[in-house]
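K.L.:
Below is a structure I'd like to ask you about.
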Amino acid sequence: MPTTRDTKIITKHFGIKDSHTYAVYKADGGYGAFTKALAMQPAAITEEVKKSLLRGRGGAGFATGLKWTFLPKDAPGPGKPVYLVVNCDESEPGTCKDRELITHDPHMLIEGIAIASYALGAAQSYIYIRGEMIAEAKILSAAVAEAYAQGILGKAHATAGRGEWKLDLAVHRGAGAYICGEETALLNSLEGKRGWPRLKPPFPAVKGLFGQPTIVNNVETLMNVPTIVDKGGEWFAGLGMGKSGGTRIVCLSGHVKNTGVYELPIGITFRELIEEVGGGVTGGKLKGLIPGGSSMPPLDPAEIDVPIEFDALMNDPRIKEVEVKPGIKFDMGGGRGLRTMAGSGGVVVFNDQTDVVKLCARIMRFYHNESCGQCTPCREGTGWLDRICARLARGQGRPGDVDLLAEIAHGIAGNTICPLGEAAAWPMLGFLTKFRPDFEQREREGKPVALGAPKSLRTLPIIGQSPLSPRGTTP
Amino acid sequence: MALAFSAESSRKIAEILPRYPNKQAALLQVLHVAQGQFGHVGADVQELVAETLELPPAHVWGVVTFYTMYHRESVGKNVLMVCTNISCMLRGAEDILGHVEKKLGVKPGETTADGMFTLVEEECLAACADAPMMICGDKYFMRLDTGKVDTALDELRKHPRSEH
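Protein chains in written order, with the working numbering: chain Z, 1 to 475; chain U, 476 to 639.
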C-alpha cells in the first residue's frame, strides 16, 4: 500500500478533544488489538513485529522484533522475571515527539506496552519519563490509573499462550540527566542509582533491570505495536521503505516556516520535508540541517535529496562521508565510514545567516554538561571540545584549533562505555567535514588572549576547570 | 531537630514502595516527594530519606548530586527553566534569556531577592517545534517573544508553579 502524507498511525488522534482519555481511545477501537493479542501465541506476536520491519525510534533504528528475541530461552521462568522498560527520557536536542505523543495519546502507549509485555512474558513494566516532564507524567499517571480501573492492568487475563497473565505498570520519573536516555544508564537510574551507563555485554536482554532479562523500547516504537497486531506485520512493512516499516515522526525545528511534529512517510526527502511540509527556509537560504537530533552529523544543501529513512542516511553515496582531516575518512571500524543517521527524528534546519561555529559550540557545551563523568575520554574530551569551540566562536581561536578539535573528537569516538562520546564526536567531525571553511576562518581571524595575563585565566582551555563536576551547571 | 515526613508525603511513599522489588529503586521518587514537602533536599532531608529507605546517606548524596533537579539549597517559589539549546537558540533564545535576566535582575543559578524566582538556563526541554520556550513546574511557555515573557512572569508572580 503506498503511503501518503495522510497516513497516520500514531498521531491519528491528534486534535481530537480529550484524546488522552480512556473513553475517547476506547471509542475509536482502542484496546481491540490487546484483546486480539491475548488470543495469539506470544511468539506469533513477535513474528508479526519482525515482519513489520518496525525499527527502534529512540535513535539507533535497531529491528524491534529481533531485539525481542534476544531474551534468554528460560525467561520468563521461576526466579527469572522479564521486564519491559519504556524509554521516555526524551532529551536529545531537536527531539520533541515522545512528549507530544504521550500528551495526546497515552492509552495507545499503554496498549502497546500491554501487548509487548504479553509477547515478552513481562509481568511488570516501567515507563521511565524524563523528570522535567511534570505535566506529561501527570497525564501518563492518570491514564495508567484509568487502565487499572478498567481492568487492563493489574487484573489477570485468560490468554492463549501464558495462561492467567497479569501486568503491572508504573510511571517512574527521572530527575534531570540526559545520560539516562542511554538504556543501561536508564536501568541504573530505575534502580535508584546514579545514571551511569553499564558495560555491554551483558546486554539488558540477558541481564538488565534488577539483574533480570529486560527489553528497553522507545515510546514511539511501542505505540506502533497495536496497529501491527491489528493490521498485520506485512501491512505495516508495506507503509515503509526498504528495511524500515511504518511511518516516521519528524520533529521539525529551526529556520523553517512551519515548525512542528509530523507523522510522515519514511521515504520523504529532506528537501520535501523543508519545502512542502516546513513551508521553506526562513531568514535566508539553507545552510544545512541536523537530520536526527544534535548527535548526528549535519547535512549540507547538496545532500538533502536523500530520504529520512534509516539505511539511506547511513549508506546513500550522495551524503559525503565524515572525515577526520580533509581526504581522510573517519573509520567506524573495519573501514566502514560514517555518513549520518536518522537518529531520533529531530530535524533542525539552519539558514545561511547562522553562525555554524557557535551552533556547534552550543552542541559541544551540551554534551560536556551531560557527560556522566565515568569515562576519561568523554569527561575530559567533551570539555576540551566545548572550550575550544567556544573560544573559536568568541573570536579567540588559535592556530591549530581546527585540527585539534578533529583530533580530540577522533580520540573520544569508540573509546567510551556508552555512545555519549560518539554523540559529541560525530557532530564535531561532521560540522568540520561539511563546514570546515567557517571554522578555519575563525581560526585565522582569532585574537587569542595572551597566556599569562591574569584576566585571561577564565578563557584558558583545558586546564583550570574541575573535571569532577561536569554536571554542576544548575543549582 | 529531626525532620519527619508529613502524613501526605508518607501516604505517597507508601504508594510508591510496592512498585519496586527493593527500597533503593524508590529513591528518585521519594526524593521528589521529599523535595515537594521541604522545598529542597539538603543534608538533613537526605538523612531522612536514607533512613526511610534503609540506604547509606552517602548513596543518597551520590544520587542527589548526580541529577540536576534535586536542589540542595532553598530555591525560589518558581524554578524557571529557559532553554537555550540549538532549536531555541536558532529562534532567539539568547535574547529571551537576556530579557528574563534583566526583568528578574538575576543570572542563571541565582534566586531573586524576594524568593519568587530561581532562574535556570536549561538544556533541551523537548519542545523544539515551539521554540523558543521556557518551563516552570508543569507549565510551558512557548513560541516566546519579550512580550510573552513579561506576561508569563506576571502570571507566575501571581500563581507560582512550585513543583520542581
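Where is the CB? At the ideal position from N, CA and C, for every residue including glycine.
Enumerate in chain order the residues of its own chain whose CB-to-CB distance from Z:Asp6 is below 7 Å, with the five nearest sequence positions on each side excluded.
P.N.:
Contacts found: none.
K.L.:
I'd like to know whether the C-beta atoms of Z:Pro226 and Z:Gly345 end up nearer to each other than 8 Å.
P.N.:
No.
K.L.:
Provide the residue span of the beta strand (DSSP E) that contains Z:Phe236, from first to last.
P.N.:
Careful: Z:Phe236 lies outside any beta strand (DSSP E), inside the alpha helix (DSSP H) at Gly233 to Leu239.
K.L.:
Contact between the segment 57-67 of chain Z and the segment 331-338 of chain Z: three or more CB pairs below 8 Å?
P.N.:
Verdict: no, contact absent.
K.L.:
Considering only their Cβ atoms, is the gap separating Z:Pro399 from Z:Glu443 smaller than 8 Å?
P.N.:
Cβ distance < 8 Å, so Z:Glu443 and Z:Pro399 count as in contact.
K.L.:
In or out: Z:Pro454 buried (at least 16 other Cβ within 10 Å) or exposed?
P.N.:
Low confidence applies to Z:Pro454: its pLDDT is 45, below 50, so where it sits in the model is not reliable enough to give any reading.
K.L.:
Could you tell me the boundaries of the beta strand (DSSP E) in which Z:Ser19 lies?
P.N.:
No beta strand (DSSP E) holds Z:Ser19; DSSP gives it neither H nor E.
K.L.:
Please list the residues of the segment 47-79 of chain Z that have a C-beta atom closer than 9 Å to any C-beta atom in chain U, keeping them in chain order.
P.N.:
Those residues of the segment 47-79 of chain Z that come within reach of chain U (Cβ to Cβ, closer than 9 Å) do not exist; the list is empty.
K.L.:
Exposed or buried, U:Asp625, counting other C-beta atoms within 10 Å across all chains shown (16 or more means buried)?
P.N.:
U:Asp625 comes out exposed.
K.L.:
Compile a chain-ordered list of the residues in the segment 512-536 of chain U whose CB is closer than 7 Å to at least one CB of chain Z.
P.N.:
Answer set for the segment 512-536 of chain U: empty.
K.L.:
I'd like to know whether the C-beta atoms of Z:Tyr126 and U:Glu598 end up nearer to each other than 8 Å.
P.N.:
Contact flag unset, no.
K.L.:
List the residues of chain U whose Cβ lies closer than 8 Å to the Cβ of Z:Asn369, in chain order.
P.N.:
Residues of chain U passing the Cβ test: Glu598.
K.L.:
Using a Cβ-Cβ cut-off of 6 Å (strictly less than) and excluding sequence neighbours within five positions of Z:Gly293, which residues of its own chain qualify?
P.N.:
The answer, listed in chain order, is Glu92, Gly94, Thr95, Gly343, Ser344 and Gly346.
K.L.:
May I have a chain-ordered list of the alpha helix (DSSP H) segments no shorter than 4 residues that lie completely inside the segment 536-592 of chain U?
P.N.:
Counting only runs of 4 or more, we get 561-564 and 568-579.
K.L.:
Where U:Glu596 and U:Ser485 are concerned, what is the direct C-alpha to C-alpha distance, given to the nearest angstrom?
P.N.:
Computed Cα separation, rounded: 33 Å.
K.L.:
Within the 8 Å Cβ cut-off, does U:Leu502 reach chain B?
P.N.:
Reference to chain B is not applicable here, since the protein chains of this structure are Z and U.
K.L.:
Going straight from the alpha carbon of U:Leu600 to that of U:Asp589, what length do you get?
P.N.:
Cα to Cα, the separation comes out at about 27 Å.
K.L.:
Select from the segment 552-565 of chain U all residues with a C-beta closer than 8 Å to any C-beta belonging to chain Z, and list them in chain order.
P.N.:
Hits within the stretch, in order: Met556, Thr559, Asn560, Ile561, Ser562, Met564 and Leu565.
K.L.:
On the CB-based measure, 16 or more other CB atoms within 10 Å of its CB, does Z:Gln353 come out buried or exposed?
P.N.:
Exposed, since its Cβ has fewer than 16 Cβ neighbours within 10 Å.
K.L.:
Please report the residue range of the beta strand (DSSP E) in which Z:Gln124 lies.
P.N.:
Per DSSP, Z:Gln124 belongs to the beta strand (DSSP E) from Ala122 to Ile129.
K.L.:
With DSSP as the reference, label Z:Lys455 as helix, strand or coil.
P.N.:
Because Z:Lys455 sits at a pLDDT of 43, beneath the cut-off of 50, its placement in the model cannot be relied upon, and the following sentence gives the value as read from the coordinates. Of the three classes helix, strand and coil, the one that applies to Z:Lys455 here is helix, per DSSP.
K.L.:
Kindly indicate the opening and closing residues of the beta strand (DSSP E) around U:Thr449.
P.N.:
The displayed coordinates of chain U run from 476 to 639. Any statement about residue 449 of chain U would go beyond what the structure contains.
K.L.:
Could you give the distance in angstroms between the alpha-carbon of Z:Arg471 and the alpha-carbon of Z:Glu370?
P.N.:
Low local confidence applies: a pLDDT of 40 at Z:Arg471 is under 50, so the model's placement there is unreliable, and no value is given.
K.L.:
Is there a Cβ of chain Z sitting closer than 8 Å to that of U:Ala604, yes or no?
P.N.:
So, interface residue.
K.L.:
What residue range is occupied by the uninterrupted beta strand (DSSP E) comprising U:Phe616?
P.N.:
Note, U:Phe616: beta strand (DSSP E), Lys614 to Phe616.
K.L.:
Is Z:Phe34 buried or exposed, if buried means 16 or more other CB atoms sit within 10 Å of its CB?
P.N.:
Buried: at least 16 other Cβ atoms inside 10 Å.
K.L.:
Entirely within the segment 243-328 of chain Z and at least 3 residues each: give me those beta strand (DSSP E) ranges in chain order.
P.N.:
Qualifying beta strand (DSSP E) stretches, in chain order: 247-254, 260-265, 286-290 and 323-325.
K.L.:
Pick helix, strand or coil for Z:Met108, following the three-state DSSP scheme.
P.N.:
Helix at Z:Met108.
K.L.:
Let me check understanding here. Comparing Cα to Cα, which of Z:Arg57, Z:Ala237 and Z:Cys251 lies closest to Z:Gly181?
P.N.:
Nearest of Z:Arg57, Z:Ala237 and Z:Cys251 to Z:Gly181, Cα basis: Z:Arg57.
K.L.:
Along chain U, in chain order, which residues have C-beta atoms closer than 8 Å to that of Z:Thr354?
P.N.:
What Z:Thr354 touches in chain U: Leu565.
K.L.:
Just to make sure I have the definition right: I need the residues of chain U whose C-beta is within less than 8 Å of the C-beta of Z:Arg99. Which are they?
P.N.:
Those are Ala601 and Ala602, listed as they occur along chain U.
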